[in-house]
Amino acid sequence: MKEDNKHSGQGGSLNFLEQIIEKDLAMATTGGRVHTRFPPEPNGYLHIGHAKSICLNFGLAAKYNGKCNLRFDDTNPTKENVGYVNAIREDIRWLGFDWEEREYYASDYFGELFDMAVVLIRQGDAYVCDMSGEEIAAGRGTPSVPGKISPWRERPVEENLELFERMRKGEFPDGSRVVRAKIDMASPNMHLRDPVMYRIMHAHHHRTANKWCIYPMYDWAHGQSDYLENITHSICTLEFEVHRPLYNWFLDKLGISQNRPRQFEFARLNLNYTVMSKRKLLELVEGRYVKGWDDPRMPTISGLRRRGYTPASIRVFSDKVGVAKRENVIDMALLEYCIREDLNRNAPRVMTVINPVKLVIENYPEGQVEELQALRNPEKPEEGYRKVPFSKTLYIEQGDFMEDPPKKFFRLSPGSEVRLKYAYLIRCESVVKDQQGNITEIRCTYDPGTKSGMAPTRKVKGTLHWVSAAHALEAEIRLYDRLFEVPDPENVAQGGNFKDNINPASLQIVRGLAEPGLRDAMPGERFQFERTGYFCVDPDSSPGSLVFNRTSSLRDSWAKMKDSQG
RNA sequence: UGUCCUGUGGUGUAAUUGGCAACACGUCUGAUUCUGGAUCAGAAGAGUCCAGGUUCGACCCCUGGCAGGACAACCA
């Protein structure tokens, strides 16, 4: 029961795949084994949707004492390359999963696949077809109109065998012939209308180089690869549901009954306020709408990593979204909740002023500096304290001061008193403005008897974060927001484009002032900037010039209140 | 006019396989707080796509509808 809690988003209840597996285990249908695989095509970067699949496949294996393979589905040499292989590996490892020595490639099986195809041809279950791609497509019919029989369908077995061999040897040009399964051109399932198994491609493959010039199609390669790897549960997304009869047909014709893999489909993850298709993501990158695949606004794993998301937060998220067969759109707020929950618990606190305004404490001794004790993380008092310098001239957040405050404004305004976090109570005495009327300086007095940690004093409504002017570190702060301003970016009017919905304010770069302890912060380190949000050090950062990415703002009920009041 | 899949609060997922719907996010109160964060307490919100049927009893079983999605690359 405790285990169930750990792996299921719904307490003790099981998702439909877990139910299937537990039944299989109980009835020994898979010999007591659970063996899954995550099968990415190395032709793009992984995104949060893949993360769900990764967590599912590796998670199921872990939960049921099974194994999960990493298998690169590399059957199309024109689209795939090692660069993607490496990026995918890194992302999966970063997420926290280990495929041990089981890193496989569909291309590892090209030889076996060829031999199995020969078996099908011998049995009269496959044939070499000389039609062109266009002819095949035209002859396939439509879902409600049967396809036409290929003139090559009844080619003698010996001739098929010979042609197949010659295809392999490279005697024919690209596109001149294919091998097709002989199934049923009238099937209501389009995938059963003599699907292509092999095509000729004189292309360099990232692993097999020029050894092959015929390459298997997905449907032919996938199930057989599953079988060769002893996969018990082959889990994929819903769009492959109609492929399942074909998956099973190949297995049937090859006489595979022992250790026979079975395919199950679940609904892929959709997230609002973003797009997930490889094509659209690529468009964002190539159109320079974002800076790259790892731009912190991208829903890619590398983007989320750079944004400051933790692997654990993504795993928890994957767990919380659940697994089922109906189409779904997850609220971005759930992802944000997951990272806040993690970082609230684990990120050290630090004070950084993002939009600074100068504040001078008139009665504080000139030149005096106090080293104040500040909790590293109130959620983990055991981590102790850090030191923060305090002096006469400080900076606070512009938004923390209002000359004419509305009703429930708890922050600083003329005559009001607030606490400077870990320091003193201060009262605003006056403001200094420039000729345009902008506030350039806030003049305050402090009460020396109210130092943080001293005996109880009078209560104030507001506590402000601050930074000492003479000690502050200047930093570049990249304020990220959702990439799209509408929940469903793909929903556009006729002639429109999803890119029309891009949020023009998805990135704002400002220069802020940070407490000096941040001087040696390293890329990847995460912090909570007290009262503003969670931030992490960007790889662009260097010792002399800090760069922070905003992972997420803190929940802000004050902002919410303002919004709702118009 | 084809085949397959799916319909449960705003969102997502449950319901011990027939016993009048639970959990999470979100929303809204209040308490508390040296983060308007966190935490704590509480509230609102679905009668399960529709119509019949079986049953003492249906989200669950049956029949018929309706709605949404997937499928017609030599992509995966």
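So for the first sequence, the working numbering puts the first residue at 3; every next one is plus one.
Glycine included, C-beta positions come from ideal geometry on N, C-alpha and C.
Straight-line Cα distance separating D254 from P298:
As a working note, residue 298 is residue 296 in the first sequence. As a working note, residue 254 is residue 252 in the first sequence. Their backbone Cα atoms lie some 47 Å apart in a straight line.
Does the Cβ of W251 have 16 or more other Cβ atoms within 10 Å, making it buried, or fewer, making it exposed?
Here residue 251 corresponds to residue number 249 of the first sequence, with the count starting at 1. With 16 or more other Cβ atoms from the protein chains shown falling within 10 Å of its own Cβ, W251 counts as buried.
Tell me the DSSP bridge mates of V434?
Position 432 of the first sequence holds residue 434. Beta-bridge pairing links V434 to E443.
Spatial neighbours of E492 in its chain, beta-carbon cut-off 7 Å, leaving aside the 5 residues before and after:
Counting from one through the first sequence, the residue named residue 492 turns up at place 490. Cβ within range, chain order: V277 and F500.
In whole angstroms, what is the alpha-carbon distance linking R73 and Y47?
The residue you call residue 73 lines up with position 71 of the first sequence. The residue you call residue 47 lines up with position 45 of the first sequence. So the two alpha carbons sit approximately 15 Å from each other.
Do H193 and L248 have their C-beta atoms closer together than 7 Å?
The sequence position of residue 193 within the first sequence is 191, counting from 1. The sequence position of residue 248 within the first sequence is 246, counting from 1. Contact: yes.
Selected residue, minimal CA-CA separation from I123, among Y106, G149 and E160
Position 121 of the first sequence holds residue 123. Among Y106, G149 and E160, the Cα nearest to that of I123 belongs to E160.
For G294 and Y129, I'd like the C-alpha separation in whole angstroms.
Locating residue 294 in the first sequence gives position 292, where the first residue counts as 1. Locating residue 129 in the first sequence gives position 127, where the first residue counts as 1. One C-alpha to the other measures close to 45 Å.
By Cβ distance below 6 Å, which residues in the same chain neighbour C538 in space, the five residues on each side in sequence not counted?
On the first sequence, residue 538 is found 536 positions in, with the first residue counted as 1. Contacts found: G310, R528, N551 and T553.
Buried or exposed for N365, please, with buried defined as at least 16 other CB atoms from any protein chain shown within 10 angstroms of its CB.
As a working note, residue 365 is residue 363 in the first sequence. Label assigned to N365: exposed.
For K65, the first and last residue of its enclosing alpha helix (DSSP H):
Residue mapping note: residue 65 aligns to position 63 of the first sequence, counting from 1. Segment I50 to K65, the alpha helix (DSSP H) holding K65.
Three-state secondary structure assigned by DSSP to D402:
Your numbering for residue 402 matches position 400 in the first sequence. D402: helix per DSSP, three-state reduction.
Helix, strand or coil at R182 [DSSP, three-state]:
Against the first sequence, residue 182 aligns to sequence position 180. Reduced to three states, the DSSP call for R182 is strand.
Where does S554 sit, in a helix, a strand or coil, going by DSSP?
Your numbering for residue 554 matches position 552 in the first sequence. For S554, the secondary structure class from DSSP, reduced to helix, strand or coil, is strand.
May I ask which residues mark the beginning and end of the beta strand (DSSP E) holding L481?
Here residue 481 corresponds to residue number 479 of the first sequence, with the count starting at 1. Run containing L481: L475 to Y482, per the beta strand (DSSP E) assignment.
Which residue's Cα is closest to the Cα of G113: F60, R157 and T77?
Stepping through the first sequence from its first residue, residue 113 is reached at position 111. With distances taken between Cα atoms, G113 lies closest to T77.
Please give the ranges of any alpha helix (DSSP H) in the region 202–284, keeping only runs that are unbroken, at least 4 residues long and fully inside the region.
220–230 and 246–255
C-beta atoms of P79 and H207 nearer than 7 Å
By one-based count along the first sequence, residue 79 stands at place 77. By one-based count along the first sequence, residue 207 stands at place 205. The answer is yes: Cβ separation under 7 Å.
What does a CB cutoff of less than 6 Å around M563 pick up in its chain, not counting 5 residues either side in sequence?
Taking the first sequence and counting its residues from 1, the one referred to as residue 563 is at position 561. No residues qualify anywhere along the chain.
Rounded to the nearest angstrom, what separates L509 and D502 at their Cα positions?
Locating residue 509 in the first sequence gives position 507, where the first residue counts as 1. Locating residue 502 in the first sequence gives position 500, where the first residue counts as 1. Taking the straight line from one Cα to the other gives about 16 Å.
Neighbourhood of W468 by C-beta distance below 6 Å, restricted to the same chain and skipping five residues each side
Locating residue 468 in the first sequence gives position 466, counting from the first residue. Cβ neighbours of W468 beyond the five flanking positions: L396, I398 and L422.
Collapsed DSSP secondary structure at G497 in the structure displayed:
In the first sequence, the residue the question calls residue 497 occupies position 495. It is coil, neither helix nor strand.
Cβ-based neighbour list, P383, same chain, cut-off 8 Å, excluding 5 preceding and 5 following
Counting from one through the first sequence, the residue named residue 383 turns up at place 381. When the five nearest sequence neighbours on each side are left out, the beta carbons in the same chain lying within less than 8 Å of the beta carbon of P383 are those of L377, in order along the chain.
For A28, name the three-state secondary structure that DSSP assigns.
Sequence index remark: in the first sequence, residue 28 carries index 26 (1-based). The answer is helix: DSSP assigns A28 an H, G or I state.
Taking all protein chains shown into account, decide if W222 is buried (16 or more other Cβ within 10 angstroms of its Cβ) or exposed.
Translated into positions along the first sequence, residue 222 becomes position 220. Counting Cβ neighbours within 10 Å, W222 comes out buried, since at least 16 surround it.
For A516, list the residues DSSP reports as bridge partners.
Counting from 1 along the first sequence, the entry for residue 516 is found at position 514. T354 and L475.
Would a C-beta distance cut-off of 7 Å place Y86 and P44 closer than the cut-off?
Sequence index remark: in the first sequence, residue 86 carries index 84 (1-based). Sequence index remark: in the first sequence, residue 44 carries index 42 (1-based). Taking 7 Å as the Cβ cut-off, Y86 and P44 qualify as a contacting pair.
Could you check if Y387 is buried or exposed, using at least 16 other CB atoms within 10 Å of its CB as the buried criterion?
Here residue 387 refers to the residue found at position 385 when the first sequence is read from its first residue. Y387 should be labelled exposed.
Of all the options I216, I151 and N191, which has the alpha carbon lying nearest to the alpha carbon of I1?
Because the chain is modelled from 3 through 568, residue 1 falls outside the range shown and cannot be assessed.
I need the straight-line Cα distance from F116 to M199, nearest angstrom please.
To locate residue 116, count along the first sequence from 1; it is residue 114. To locate residue 199, count along the first sequence from 1; it is residue 197. Each residue's alpha carbon lies about 10 Å from the other.
Straight-line gap, F486 to P506 (C-alpha atoms, nearest Å)
As a first step, residue 486 must be located in the first sequence, where it is residue number 484. As a first step, residue 506 must be located in the first sequence, where it is residue number 504. Spanning the two alpha carbons is a distance of roughly 8 Å.
Apart from the five residues on each side of it in sequence, which residues of its chain come closer than 7 Å, Cβ to Cβ, to V287?
Taking the first residue of the first sequence as 1, we reach residue 287 at position 285. Excluding residues within five positions, the ones whose Cβ falls inside 7 Å are G294 and W295.
Determine, using beta carbons only, whether P518 and L475 come nearer to each other than 7 Å.
Looking up residue 518 in the first sequence gives position 516. Looking up residue 475 in the first sequence gives position 473. Yes, these two residues count as a Cβ contact at 7 Å.
For S470, collect the residues of the same chain with a Cβ closer than 7 Å to its Cβ; drop the 5 residues on either side in sequence, then sort them by chain order.
On the first sequence, residue 470 is found 468 positions in, with the first residue counted as 1. If we look at S470 and ignore the five residues flanking it on each side, its Cβ neighbours are P391, F392, S393 and L396.
Which parts of the region 91–128 are runs of the beta strand (DSSP E), unbroken and 3 residues or longer, counting only runs that do not cross its ends?
105–107
Decide if K410 is buried, meaning its Cβ has at least 16 other Cβ atoms within 10 Å, or exposed.
Translated into positions along the first sequence, residue 410 becomes position 408. It counts as exposed.
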